[in-house]
Amino acid sequence: MKLPNSFYQRQNVTTIAKELIGKVLVTNVNNKLTSGIIVETEAYSYKERGCHAFKGMTPRNKVMFEEGGVTYVYLCYGIHHLFNVVTNQKDKADAVLIRALEPLAGQSIMQERMKTKSLNKITSGPGKLTKALGIDRNHNGLFLQNHEIWIEEGSSRVLAKSILASSRIGIDYAGEDAKLPWRFTLMGSEWVSGR
DNA sequence: TACGTGATCACG
DNA sequence: GTGATCACGTAA
Numbered sequence: 263m264k265l266p267n268s269f270y271q272r273q274n275v276t277t278i279a280k281e282l283i284g285k286v287l288v289t290n291v292n293n294k295l296t297s298g299i300i301v302e303t304e305a306y307s308y309k310e311r312g313c314h315a316f317k318g319m320t321p322r323n324k325v326m327f328e329e330g331g332v333t334y335v336y337l338c339y340g341i342h343h344l345f346n347v348v349t350n351q352k353d354k355a356d357a358v359l360i361r362a363l364e365p366l367a368g369q370s371i372m373q374e375r376m377k378t379k380s381l382n383k384i385t386s387g388p389g390k391l392t393k394a395l396g397i398d399r400n401h402n403g404l405f406l407q408n409h410e411i412w413i414e415e416g417s418s419r420v421l422a423k424s425i426l427a428s429s430r431i432g433i434d435y436a437g438e439d440a441k442l443p444w445r446f447t448l449m450g451s452e453w454v455s456g457r
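Count along the first sequence from 1, then add 262; that gives the number in our numbering.
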């Protein structure tokens, strides 16, 4: 079952980021189905400096100002595509960055895209998982109710106490806000990114 | 630890 | 137009 729009349109982005742990991200790109269990997320709110939307709307971050339930994909460091889901109401530009997955369906397709014969760490990082699932900027602003990218309920329930909070990665420019404990990881998962 | 890589955005 | 910057990954 796809998560409904009401899941994404709630106000508290950290709650949504936590609840996304254990859910399953699915893509159907070029008729190739791939999926993974979400094991690492980060929350971003327009109210704090870590967020692309902090200084207002620009051509790049425009979709963050839509209603929750659409994708926000952008190119980072000229090389990596990063995948977010937009949350909250219209003009409340919050989003959750998906940072790591445990591979589920279509593992051989992911290996092909990553040019590796191993499964090890194949989706353990925000830039890697987009490549493995075939996500790029063409997938910016898509509705998560569509057939190309969506998130569905996982098969087993994740307990709140097995989710760890820590500070977000790679946002030193955000000053004090870089210390917010808005990165969430699944305790004990070997698929969490390692930076 | 260092650097590739190119879109983006705040300046003029 | 131009230049600094950047929510990373890999090799070393």
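Cβ atoms here follow ideal geometry from the backbone N, Cα and C, with glycine treated the same way.
Checklist line | Where I299 falls, given that 16 or more other Cβ within 10 Å makes a residue buried | finding: Answer is buried; the Cβ neighbour count reaches 16.
Checklist line | Three-state secondary structure assigned by DSSP to L395 | finding: Note: L395 maps to helix in three-state DSSP.
Notebook entry, point to check: The beta strand (DSSP E) with R445 in it runs from where to where?
Noted result: That run of the beta strand (DSSP E) goes 445–448.
Item checked: Beta bridge counterpart(s) of W412 as assigned by DSSP -> Beta-bridge partners assigned by DSSP to W412: V288.
Item checked: Neighbour-count burial assignment, N350, 16 or more Cβ in a 10 Å radius -> Buried, since its Cβ has 16 or more Cβ neighbours within 10 Å.
Notebook entry, point to check: Which one of N267, V301, Y306 has the shortest CA to CA distance from D231?
Noted result: The chain is shown from 263 up to 457; residue 231 falls before or after that span and cannot be answered.
Next item on the list: Specify the secondary structure class of Y435 as computed by DSSP and reduced to three states.
Entry: In the structure shown, Y435 sits in a helix (DSSP, three-state: H, G or I).
Note to self: I'd like the list of long-range same chain contacts for N292, defined as Cβ closer than 8 Å, with 5 residues on each side in sequence excluded.
What the structure shows: Here the set comprises G396.
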